[in-house]
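Numbering (this note's numbering), first residue to last: 1441 to 1755.
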């Protein structure tokens, strides 16, 4: 979850080749998968309650995991399988007391026994698992951000590559790696220096919110939240793209309109590369939930019925 807190690796940024243009055209016609994070995800009873509330089962169920706990449990994956959804685990390199596991330590192999154990479990699961390692790495105030640890974008890249390499060595090829910076905070938290390279990433992703009353900020549209960062990230790679976290504050604007306009118009027409969107459904800094009002819930129920949003990732 972004806190909205506002790098020096020389990796080239290559625009997608012309040969991919036809594939991109096809991708704009694909249905978009809708996912959700709820406070007790992936608890099956809670996801069923969300499904009953909204009228549609999520295609992706996202939750958070930390480095001193298992990446997932067998029971969690069983629940997701019964729900016919794809699991996405936002994997935080921190301990339960929010102490960062340093990127330099990860890259040096200091936590390899833990990583190998998680990779073996993932391989045994067989089914696709989306993993967002060290998401929002470009926010300096993250528990593992540069202002907290003093580490650099290059340190992050080395850690990312090492984690992916450990899983590949364990033949956990069912893990799909989701590189997920926060939006660039109007230029205050750029993310391109954190790019680990095309061969180490399966999905691109962005996190972004209409904070508005949550941070005494201006009310902004979904298009405003993602526009510049979408343009930047789609130049990095032709990998599939998702919005991995988003939501809107309920006030002072019209949240129902924010949802309708953002999902009916903005995403299909302005962000055609987007193939999945995950809603952050929790009353936290503000009431991000789709049912923060009756009107916003009606708007969301409308969205989840649209043909455009019937996508599934790995059925």
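We put the beta carbon where it would ideally sit given N, CA and C, even for glycine. Note that the structure is predicted; figures quoted are calculated from it, not measured.
Give me the Cα-Cα distance between residue 1699 and residue 1499, rounded to the nearest whole angstrom.
Along the chain shown, read from residue 1 onward, the residue named residue 1699 stands at position 259. Along the chain shown, read from residue 1 onward, the residue named residue 1499 stands at position 59. Cα to Cα, residue 1699 sits roughly 18 Å from residue 1499.
What does the Cβ neighbour count give for residue 1510, buried or exposed, with the cut at 16 atoms within 10 Å?
Taking the first residue of the chain shown as 1, we reach residue 1510 at position 70. Label assigned to residue 1510: exposed.
Spatial distance of residue 1585 from residue 1671 (CA atoms)
Against the chain shown, residue 1585 aligns to sequence position 145. Against the chain shown, residue 1671 aligns to sequence position 231. Going by the C-alpha atoms only, they are around 24 Å apart.
Tell me the DSSP secondary structure of residue 1526 in three-state form.
Taking the chain shown and counting its residues from 1, one reaches residue 1526 at position 86. In this structure, residue 1526 counts as strand in the three-state DSSP scheme.
Contact belief for residue 1607 with residue 1559 at Cβ below 8 Å, rounded distance in angstroms:
In the chain shown, the residue the question calls residue 1607 occupies position 167. In the chain shown, the residue the question calls residue 1559 occupies position 119. At roughly 4 Å, the Cβ-Cβ gap stays under 8 Å, so residue 1607 and residue 1559 are in contact.
Helix, strand or coil: how does DSSP classify residue 1505 here?
Here residue 1505 is taken as the residue at index 65 of the chain shown, counted from 1. In the structure shown, residue 1505 sits in a strand (DSSP, three-state: E or B).
Please give the ranges of any beta strand (DSSP E) in the stretch 1630-1708, keeping only runs that are unbroken, at least 3 residues long and fully inside the region.
1643-1647, 1681-1686
For residue 1516 versus residue 1497, is the C-beta spacing smaller than 8 Å?
Here residue 1516 refers to the residue found at position 76 of the chain shown. Here residue 1497 refers to the residue found at position 57 of the chain shown. Not a contact, by the Cβ cut-off of 8 Å.
Assuming residue 1474 is part of the beta strand (DSSP E), what are its boundary residues?
What you label residue 1474 is simply residue 34 of the chain shown in a count that begins at 1. Looking at the DSSP string, the run of the beta strand (DSSP E) that includes residue 1474 is 1473-1477.
Just the C-alpha distance for residue 1495 and residue 1737, rounded to the nearest angstrom, thanks.
Taking the first residue of the chain shown as position 1, residue 1495 is located at position 55. Taking the first residue of the chain shown as position 1, residue 1737 is located at position 297. Approximately 10 Å, taken between the alpha carbons.
In the structure shown, what three-state DSSP assignment does residue 1738 receive?
As a working mapping, residue 1738 is identified with position 298 in the chain shown. Of the three classes helix, strand and coil, the one that applies to residue 1738 here is helix, per DSSP.
Does DSSP classify residue 1541 as helix, strand or coil?
Start at 1 with the first residue of the chain shown, and residue 1541 comes out as number 101. In this structure, residue 1541 counts as coil in the three-state DSSP scheme.
Hey, residue 1530 and residue 1502: beta-carbon distance below 8 Å or not?
As a first step, residue 1530 is located in the chain shown; it is residue number 90 there, counting from the start. As a first step, residue 1502 is located in the chain shown; it is residue number 62 there, counting from the start. Yes, Cβ-Cβ distance for residue 1530 and residue 1502 is below 8 Å.
Looking at residue 1703: is its Cβ nearer than 8 Å to the Cβ of residue 1666?
Stepping through the chain shown from its first residue, residue 1703 is reached at position 263. Stepping through the chain shown from its first residue, residue 1666 is reached at position 226. Not a contact, by the Cβ cut-off of 8 Å.
Rounded separation between residue 1576 and residue 1662 - CA only
Stepping through the chain shown from its first residue, residue 1576 is reached at position 136. Stepping through the chain shown from its first residue, residue 1662 is reached at position 222. Spanning the two alpha carbons is a distance of roughly 18 Å.
With a Cβ-Cβ cutoff of 8 Å, do residue 1546 and residue 1605 count as a contact?
As a working mapping, residue 1546 is identified with position 106 in the chain shown. As a working mapping, residue 1605 is identified with position 165 in the chain shown. No, they are not a contact pair.
What separation, rounded to the nearest whole angstrom, lies between the Cα atoms of residue 1537 and residue 1727?
Indexing the chain shown from 1 puts residue 1537 at position 97. Indexing the chain shown from 1 puts residue 1727 at position 287. About 25 Å.
Would you tell me roughly how many angstroms separate the C-alpha atoms of residue 1526 and residue 1745, rounded to the nearest one?
For the purposes of this step, residue 1526 is identified with residue 86 of the chain shown, where counting begins at 1. For the purposes of this step, residue 1745 is identified with residue 305 of the chain shown, where counting begins at 1. Rounded to the nearest angstrom, the two C-alpha atoms are 19 Å apart.
Buried or exposed for residue 1461, going by 16 or more other Cβ atoms inside 10 Å?
On the chain shown, position 21 is the one that residue 1461 refers to. Its pLDDT being 46, under 50, residue 1461 is placed unreliably in this model, and the coordinates cannot settle the point.
C-beta atoms of residue 1595 and residue 1543 nearer than 8 Å
For the purposes of this step, residue 1595 is taken as the residue at position 155 of the chain shown. For the purposes of this step, residue 1543 is taken as the residue at position 103 of the chain shown. Against a cut-off of 8 Å, the Cβ pair of residue 1543 and residue 1595 comes out as a contact.
Does DSSP put residue 1550 in a helix, a strand or coil?
Here residue 1550 is taken as the residue at index 110 of the chain shown, counted from 1. Correct three-state label for residue 1550: coil.
Cut-off 7 Å between Cβ atoms - residues of its own chain near residue 1720, not counting five sequence neighbours on either side
If you number the chain shown from 1, residue 1720 lands on position 280. Excluding positions up to five away in sequence, the list reads 1441, 1477, 1685, 1686, 1687, 1728.
Which residue wins for smallest C-alpha separation from residue 1520, given the options 1621, 1488, 1572, 1733?
Stepping through the chain shown from its first residue, residue 1520 is reached at position 80. Closest by alpha carbon: 1488.
In three-state DSSP terms, what is residue 1519?
Translated into positions along the chain shown, residue 1519 becomes position 79. Correct three-state label for residue 1519: helix.
Using DSSP with H/G/I as helix, E/B as strand and the rest coil, what is residue 1583?
As a first step, residue 1583 must be located in the chain shown, where it is residue number 143. Coil at residue 1583, not helix or strand.
Considering residue 1711, what are the terminal residues of the alpha helix (DSSP H) in which it resides?
Residue numbering aside, residue 1711 sits at position 271 when the chain shown is read from its first letter. Here residue 1711 belongs to no alpha helix (DSSP H), and DSSP marks it neither H nor E.
Pick from 1551, 1518, 1735, 1563: whose alpha carbon is nearest that of residue 1610?
Translated into the one-based positions of the chain shown, residue 1610 becomes position 170. Comparing Cα-Cα distances from residue 1610 to each of 1551, 1518, 1735, 1563, the minimum goes to 1563.
Simplified DSSP state of residue 1465, which is helix, strand or coil
By one-based count along the chain shown, residue 1465 stands at place 25. Legend: pLDDT at residue 1465 = 47, less than 50; position of this residue unreliable, no value from coordinates given.
Residue closest to residue 1638, alpha-carbon to alpha-carbon, out of 1750, 1616, 1654
Mapped onto the chain shown, residue 1638 falls at position 198. It is 1616.
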